[in-house]
Amino acid sequence: MKIIFSIVAATFITLPILLYLVIFIGMKYWTKNGKRAMNTAINFTTPILIFSVHILFMTIWSYSFIGYIIMFMLLIAVIFTYIYWRMREEIIYHKLFLGYWRLIFLLFMLIYLVLVIYGVLSRAIEAVISR
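Numbering-wise, the working numbering comes out as the position in the sequence shown, counting from 1, plus 390.
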């Protein structure tokens, strides 16, 4: 049982897009509501995506960037809160956090894709040069 859990966890950490799709398809089938399925998939995938970006940074550069990731998330939170306050003039914390969480999902998905492409290309170039 531990081996199966390890394989599933490693797969979803390595491919968080797959986790998103599994949750989205499962929730869409279960609830018959696409918007709710998408929101649930985003909410469950975001922490895994953040962790995946951290693992990619460690794999590519052999250094932990967790402090920088946390500082980046805090900076985005401050900027997002300021923009939200300027637009609405009243902060509704539940809506603020949901918007922030979705923005973090989009940003970390973009960072994840860029890091995967960079990692594959850099390893391929490194393999060709060292031949």
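Each residue gets a CB set at the ideal place from its N, CA and C atoms; glycine is no exception.
Just so you know, the alpha carbons of Lys392 and Ile501 end up roughly 31 Å apart. Per the coordinates, the alpha-carbon of Lys418 lies some 5 Å from the alpha-carbon of Ala427.
Distance from the CA of Val504 to the CA of Ser512, rounded to the nearest whole angstrom, comes to 12 Å.
Taking the Cα of Tyr490 as reference, the smallest distance to any Cα among Glu480, Tyr474, Glu479 and Phe447 is reached at Tyr474.
In terms of Cβ geometry, Ile438 and Ile394 do not form a close pair [threshold 9 Å]. When C-beta atoms of the region 464-482 are compared with those of the region 441-455, fewer than three pairs fall below 8 Å, so the two segments do not count as touching.
The Cβ atoms of Thr401 and Leu408 lie closer than 9 Å to each other. In terms of CA proximity to Pro406, Thr436 leads the group Gly424, Ile415 and Thr436. The beta carbon of Phe434 is closer than 7 Å to those of Ile413 in its chain, skipping five residues each way along the sequence. In the three-state DSSP reduction, Met391 falls in the coil class, being neither helix nor strand.
According to the DSSP assignment, Arg478 belongs to the alpha helix (DSSP H) that extends over Ile456 to Arg478. Sorting Lys485, Ile460 and Ile450 by C-alpha distance to the C-alpha of Val510 places Ile450 at the top.
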